[in-house]
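Reading through the C-alpha cells given below for one structure.
In full-length UniProt numbering, the protein residues as written are 1 to 177.
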C-alpha cells in the first residue's frame, strides 16, 4: 500500500466511501461479577459513510443500532437494551462522527471524533490502523477504552460491572463509484 499521505493526496481517493457491514465488526468488552467474568457484546447492525475531500480532509459517520447488540444470552441482551443500560427504545443509535484525520505513519491515522450514546456526546480520539482489502477497499482497525458513566449508561448493580468498557472495530470502507 502507498503511504497514507499518498492516499490522501491521490485524486482517485477523493469522494464518497461507504461501510461494508458484512466485512466489518464492532465489539464492546467489559467484565462482570466483580471483574471475574468477561462479557463481549457484538453489534450486528450498523451503517456508515465517509468523505475524503482535499488532502488530509476526512469526514465520516458510523451509526450502530443498539437493538442489534448480542452477548449470546437473550435475557442479558434484553436487560442491556432496557432503561437500566442503553434505553434502546428511546436512544436507538450509538453514533461515531469523525471530523478529522491525520496520517501518523505509513499505515496509521489519528482520528478526531465525537461519540454519542444515549443522547450524550463526548470527544473520542482514535488511532486506527489502515490496511487495504481487495477491490480497492480500506479497513480501519481501532480500539478505545471509555467510561460508560460519561454517557449515562448506568446499571452498576452492587459494583458488578466496572465503569470502563473497551470498544473495538474493524470497519471496511469501499469507494462509491
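Glycine is no exception: its CB is placed at the ideal position from the N, C-alpha and C atoms.
Are the CB atoms of residue 100 and residue 124 nearer to each other than 8 Å?
no
Cα-Cα, which of 73, 91, 18 is closest to residue 119?
91
With a Cβ-Cβ cutoff of 8 Å, do residue 155 and residue 84 count as a contact?
yes
In chain order, what residues of the same chain lie with their CB nearer than 8 Å to the CB of residue 27, ignoring the 5 residues before and after it?
40, 41, 42, 43, 167, 168, 169
Could you spell out where the beta strand (DSSP E) holding residue 139 opens and where it closes?
137-147
When 52, 95, 48 are compared against residue 121, the one with the closest alpha-carbon
95
Residues that DSSP places opposite residue 13 in a beta bridge:
Note: residue 13 sits in no beta bridge, so no partner.
Expressed to the nearest angstrom, what Euclidean distance is found between the alpha-carbon atoms of residue 172 and residue 19?
6 Å
Straight-line gap, residue 1 to residue 62 (C-alpha atoms, nearest Å):
For residue 1, the predicted structure reports a pLDDT of 48, less than 50, and the residue's modelled location is therefore unreliable. A value from the coordinates is still provided. Their Cα atoms are separated by approximately 25 Å.
Considering only their Cβ atoms, is the gap separating residue 87 from residue 65 smaller than 8 Å?
no
8 Å Cβ cutoff met for residue 128 and residue 115
no
Can you list, in chain order, the residues of its chain with a C-beta nearer than 8 Å to that of residue 31? Leave out the 5 residues immediately preceding and following it.
37, 38, 39, 161, 162
Pick helix, strand or coil for residue 39, following the three-state DSSP scheme.
strand
Would you identify the three-state DSSP class for residue 128, choosing helix, strand or coil?
strand
Reference residue 117, options 146, 135, 58, 136, closest by Cα:
146
Using 8 Å as the threshold, is the C-beta distance between residue 48 and residue 58 below it?
no
In its own chain, which residues sit with a C-beta less than 6 Å from the C-beta of residue 52, not counting the 5 before and 5 after it?
13, 14, 58
Exposed unless 16 or more other CB atoms sit within 10 angstroms - verdict on residue 164
exposed
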